[in-house]
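Enquirer: According to the numbering used here, the stretch in the sequence shown is residues 270 to 663, in order.
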Amino acid sequence: MISRAIIPPELCDETIDYLWDDIDTLRACSLTCKAWLPASRFHLFRNVRLRHADDVFRFRSLLSSAPGVAPCVRKLSLSADYNGATAEGAAQEDDTWVNSAASLLPLLNNISTLGLARVRWHALNDETRAAFAGVCKSVRQLFLFEVSFEASRDVVAFLSGFPALQELYFQAVSWKHDSPSPFDEPNSPQALTDAGRMQLSYLFLDPKSSPTLVTEWLLKHPEEQHLRTIQLCWRELENTKAVGDLLQASGSSLESLQVEFPAGLSEDAVLQNHLSLAHNTGLRSLHFGGLDVRASHAFLSRRLFPWVTAMLSQVRSRHLQEVSFALEIASVPDLLALDWARIDRDLSRPEFHGLLVMFYVSCERDGLEKEVKSEIAARLEGFQQCGTLCISCI
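(1) So, for Arg587: in the same chain, excluding its five sequence neighbours on each side, which residues have a beta-carbon less than 8 Å away from its beta-carbon?
(2) How long is the line joining the alpha carbons of Gly651 and Leu581, rounded to whole angstroms?
(3) In whole angstroms, give me the CA-to-CA distance for Glu283 and Leu313.
(4) Skipping 5 residues on each side, what residues in its chain have a beta carbon closer than 6 Å to that of Glu591?
(5) Contact check, Ala595 vs Gly558 under 8 Å by CB: the rounded distance?
(6) Indicate whether Pro480 and Glu507 have their beta-carbon atoms separated by less than 8 Å.
(7) Considering only C-alpha positions, which residue in the set Glu524, His548, Pro531, Thr498 is nearest to Gly513?
(8) Is the beta carbon of Tyr351 less than 8 Å from the beta carbon of Arg318?
(9) Does the distance from the C-beta atom of Gln435 to that of Arg409 stay below 8 Å?
(10) May I ask you to verify whether the stretch 319-328 touches the stretch 284-301, counting CB pairs closer than 8 Å and requiring at least 3?
(11) DSSP on Phe652, reduced to helix/strand/coil?
(12) Is Arg387 near the ligand NAP, judged by its Cβ being under 7 Å from some heavy atom?
(13) In the DSSP output, which residue or residues are listed as bridge partners for Trp444?
(14) Does the beta-carbon of His622 have 16 or more other beta-carbons within 10 angstroms, so that it is buried, or is it exposed?
(15) For Arg296, write down the residues that DSSP places opposite it in a beta bridge.
(16) Who pairs with Arg320 in a beta bridge, going by DSSP?
(17) Whole angstroms is fine: what's the gap from Thr397's alpha carbon to Asp290's?
(18) Between Ile292, Thr355, Ala322, Ser643, which lies nearest to Ala349 when the distance is taken from Cα to Cα?
(19) For Gln500 versus Leu546, is the C-beta distance shorter than 8 Å?
(20) So what does Phe412 bridge to, in DSSP terms?
(21) Taking the C-alpha atoms as reference points, what is the distance between Leu488 and Gln361?
(22) Judging by CA-CA distance, which residue of Ser617, Ser381, Glu419, Ala426 is the nearest neighbour of Val404?
(23) With respect to the beta strand (DSSP E) encompassing Gln361, which residues constitute its N-terminal and C-terminal limits?
(24) Would the beta-carbon of Ser666 fall within 8 Å of that of Leu496?
(25) Just confirm the distance between the C-beta atoms of Val601 and Glu640, as a whole number of angstroms; I'd bet it's less than 8 Å.
(26) Is it buried or exposed for Arg543, if we count other Cβ within 10 angstroms and need 16 for buried?
(27) Three-state secondary structure (DSSP) at Phe314?
(28) In the DSSP assignment, find the unbroken alpha helix (DSSP H) run with Thr301 in it and report its ends.
(29) Kindly indicate which residue of Trp609, Ser617, Ile663 has the alpha-carbon position closest to the one of Leu635.
(30) Considering only their Cβ atoms, is the gap separating Ser421 from Asp447 smaller than 8 Å?
(31) Using a 10 Å radius around the Cβ and a threshold of 16 neighbouring Cβ atoms, would you call Glu279 buried or exposed?
(32) So what does Lys344 bridge to, in DSSP terms?
(33) Looking at the structure shown, is His391 part of a helix, part of a strand, or coil, going by DSSP?
(34) Taking all protein chains shown into account, do 16 or more other C-beta atoms lie within 10 angstroms of the C-beta of Thr578, making it buried, or fewer, making it exposed?
(35) Which term fits Ser429, buried or exposed, when burial requires 16 or more other beta carbons within 10 angstroms of its beta carbon?
(36) Return the bridge partner residues of Thr498 from the DSSP annotation.
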C-alpha cells in the first residue's frame with residue numbers, strides 16, 4: 270500500500286503568506302485545491318481599490334457570487350479622478366460614482382485601513398456618508414488625499430468619527446470656508462466626544478492642507494495622545510505655537526519627528542520658544558527637512574535656521590539615535606550661513622555618544638560632492654570624535 274505524505278495545513282498557509290504580494294502566484298494557489306483557497310483569497314482581496322463605477326459593479330458582482338470575499342478586505346481605497354474643470358478653472362472631481370459604493374460598505378466589517386482620494390465629501394449623498402460612518406468605527410489607518418469639504422467644522426466632524434484611529438495621513442485636504450468649531454457648541458455630536466478615546470500614534474501633515482485645524486482637533490484631548498511618529502510640514506507662520514503644544518502633548522511617547530517649515534519661521538516663534546523638545550524624552554529620531562539656503566533670510570543674527578539650533582539645544586532625550594538634515598544649496602559657500610559651531614556643540618553632548626548624523630545635500634550644480642563633504646566634515650570635527658557622520662549629495 271502506497272502512503273501519501275500530507276503537508277500540515279499550517280505550513281501551506283505560511284507558504285502562501287510568504288507570497289502575499291505576488292498576485293499571479295496567489296491566483297494559481299487559489300485554484301490548486303480547496304484547502305489553499307482561504308489563505309490565497311485572504312491576500313488577494315486584502316487590499317481593494319475602487320476607481321470608477323465599473324470597479325464598483327464588478328466588486329458588487331464578486332461579493333454576490335462569493336460572499337466569503339467580504340471578510341478578507343482589510344484596506345479599502347476609493348480614488349476618483351479629475352474630469353475637466355469648473356467654471357472657476359479648478360479641476361473637477363469625477364466622484365459621483367462613490368455613491369454607488371455605499372451599498373457595499375455594510376458588507377465590509379473588517380476594514381482597518383481607509384483611503385479617500387479626490388472625493389468631495391460634501392457632495393456625497395446622506396446615505397453614502399451614513400454608510401461610511403459605520404465603517405469608520407473600526408478604521409485604524411486613514412489616508413486622505415485631495416479630499417474637499419464644505420466647511421472646516423465638517424473636517425473636524427469627519428475626523429471625530431474615527432474613535433479607533435491610530436495613523437492619520439492628511440494631504441492636500443481642503444474646505445470652502447472656515448466655520449466655528451463644533452467643539453464650541455453646547456450640544457456637540459456624540460462622535461466628537463468619542464474622539465477622546467482615540468490613540469493616535471502616527472501623524473502626517475503636508476503643507477497643502479491647514480495643519481492648524483488638525484492640530485487643534487488633536488489638542489482637544491491632549492491626555493489621550495500617544496503620538497510616536499510625527500511628520501510635519503508647516504506653512505502657517507502665524508500659528509507655530511500649535512506645533513509646540515502638539516510636541517508638548519506628545520511628551521515622552523514621541524520617538525520620531527520630521528519637521529519642515531518651507532516658509533521659514535517668524536522671529537517671535539524662536540524668541541517665544543514655540544518648538545521646544547524638552548518634553549520629548551523618548552525621542553529616537555529627528556529630521557530637519559526643507560532647509561533651503563537659497564530661499565532663506567537670516568534674522569536675529571547672520572546665521573540661518575535659528576529654529577534648528579534652538580530645537581537641537583533643547584533635546585533632552587537620552588535615547589536619541591539619529592539626526593538628519595536635508596539641505597538645498599546653490600554653491601558650497603552657502604553652507605557657511607549655518608551656525609556650525611553651535612550645531613557641533615549640541616551634537617557633541619556626552620549623552621549623544623554614538624549618535625548617527627546624516628546630511629542630505631541637494632546642489633544646483635554637479636561636481637560639488639567632494640567639496641560639500643569636506644566643508645561639512647571640517648565644521649563638525651568635535652562631533653566626529655563621538656559619533657558617526659554621513660554626507661550624501663543628491
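The beta carbon of each residue, even a glycine, is placed where N, CA and C say it ideally should be.
Expert: On the basis of the supplied data:
(1) If you number the sequence shown from 1, residue 587 lands on position 318. Correct list, in chain order: Thr550, Glu620.
(2) For this step, residue 651 is matched to residue 382 along the sequence shown. For this step, residue 581 is matched to residue 312 along the sequence shown. The straight-line gap from Cα to Cα measures roughly 16 Å.
(3) Taking the sequence shown and counting its residues from 1, one reaches residue 283 at position 14. Taking the sequence shown and counting its residues from 1, one reaches residue 313 at position 44. Roughly 15 Å separates the two Cα atoms.
(4) Residue mapping note: residue 591 aligns to position 322 of the sequence shown, counting from 1. These residues qualify, in order along the chain: Ser554, Leu625.
(5) Numbered from its first residue, the sequence shown carries residue 595 at position 326. Numbered from its first residue, the sequence shown carries residue 558 at position 289. At roughly 5 Å, the Cβ-Cβ gap stays under 8 Å, so Ala595 and Gly558 are in contact.
(6) For this step, residue 480 is matched to residue 211 along the sequence shown. For this step, residue 507 is matched to residue 238 along the sequence shown. No, these two residues do not count as a Cβ contact at 8 Å.
(7) The residue you call residue 513 lines up with position 244 of the sequence shown. Selected option, being the one with the closest Cα: His548.
(8) Residue 351 sits at position 82 when you count from the first residue of the sequence shown. Residue 318 sits at position 49 when you count from the first residue of the sequence shown. At a Cβ-Cβ threshold of 8 Å, Tyr351 and Arg318 do not count as neighbours.
(9) By one-based count along the sequence shown, residue 435 stands at place 166. By one-based count along the sequence shown, residue 409 stands at place 140. Going by C-beta atoms, Gln435 is nearer than 8 Å to Arg409.
(10) Contact between the stretch 319-328 and the stretch 284-301 is absent, because fewer than three Cβ pairs lie under 8 Å.
(11) Along the sequence shown, read from residue 1 onward, the residue named residue 652 stands at position 383. Three-state DSSP puts Phe652 in a helix.
(12) With respect to the ligand NAP, the structure offers nothing, as it holds no ligand at all.
(13) If you number the sequence shown from 1, residue 444 lands on position 175. The partner list for Trp444 (beta bridge, DSSP) reads Phe418.
(14) The residue labelled residue 622 in the question sits at position 353 within the sequence shown. Exposed.
(15) Taking the sequence shown and counting its residues from 1, the one referred to as residue 296 is at position 27. Answer is none; Arg296 lacks a bridge partner.
(16) As a working note, residue 320 is residue 51 in the sequence shown. Partner(s): none; Arg320 has no beta bridge.
(17) As a position in the sequence shown, residue 397 is number 128, starting the count at 1. As a position in the sequence shown, residue 290 is number 21, starting the count at 1. In this structure, the CA atom of Thr397 is about 31 Å from the CA atom of Asp290.
(18) By one-based count along the sequence shown, residue 349 stands at place 80. Considering only alpha carbons, the answer is Ala322.
(19) Position 231 of the sequence shown, counting from 1, holds the residue named residue 500. Position 277 of the sequence shown, counting from 1, holds the residue named residue 546. Not a contact, by the Cβ cut-off of 8 Å.
(20) Position 143 of the sequence shown, counted from the start, is the residue given in the question as residue 412. Its beta-bridge partners are Gly384, Tyr438.
(21) As a working mapping, residue 488 is identified with position 219 in the sequence shown. As a working mapping, residue 361 is identified with position 92 in the sequence shown. Their Cα atoms are separated by approximately 34 Å.
(22) Locating residue 404 in the sequence shown gives position 135, where the first residue counts as 1. Of the candidates Ser617, Ser381, Glu419, Ala426, the one whose C-alpha sits nearest the C-alpha of Val404 is Ser381.
(23) What you label residue 361 is simply residue 92 of the sequence shown in a count that begins at 1. Element bounds for Gln361: 360-363.
(24) Lying before the first or after the last residue shown, residue 666 is absent from the chain, which here runs from 270 to 663.
(25) The count along the sequence shown starts at 1 and reaches residue 601 at position 332. The count along the sequence shown starts at 1 and reaches residue 640 at position 371. Distance from Val601 to Glu640 at the Cβ level is roughly 5 Å; contact confirmed, criterion being Cβ atoms closer than 8 Å.
(26) As a working note, residue 543 is residue 274 in the sequence shown. Sequence check: residue 543 is His here, not Arg. The residue is buried, with at least 16 neighbouring Cβ atoms inside 10 Å.
(27) Position 45 of the sequence shown, counted from the start, is the residue given in the question as residue 314. If DSSP states are grouped into helix, strand and coil, Phe314 belongs with coil.
(28) The residue given as residue 301 occupies position 32 in the sequence shown. Note, Thr301: premise wrong, no alpha helix (DSSP H); not H, not E.
(29) On the sequence shown, residue 635 is found 366 positions in, with the first residue counted as 1. Leu is not the amino acid found at residue 635; the sequence shown has Asp there. Considering only alpha carbons, the answer is Ile663.
(30) Residue mapping note: residue 447 aligns to position 178 of the sequence shown, counting from 1. Residue mapping note: residue 421 aligns to position 152 of the sequence shown, counting from 1. Closer than 8 Å, so yes.
(31) Locating residue 279 in the sequence shown gives position 10, where the first residue counts as 1. Answer is exposed; the Cβ neighbour count stays below 16.
(32) Locating residue 344 in the sequence shown gives position 75, counting from the first residue. For Lys344, which the question treats as bridged, DSSP gives the partners Asn316, Thr382.
(33) Working through the sequence shown from its first residue, we reach residue 391 at position 122. DSSP places His391 in helix when its eight states are reduced to three.
(34) Here residue 578 corresponds to residue number 309 of the sequence shown, with the count starting at 1. Result: buried.
(35) Mapped onto the sequence shown, residue 429 falls at position 160. Buried: at least 16 other Cβ atoms inside 10 Å.
(36) To locate residue 498, count along the sequence shown from 1; it is residue 229. DSSP, once it has assigned bridges, lists Tyr471, Ser525 as partnering Thr498.
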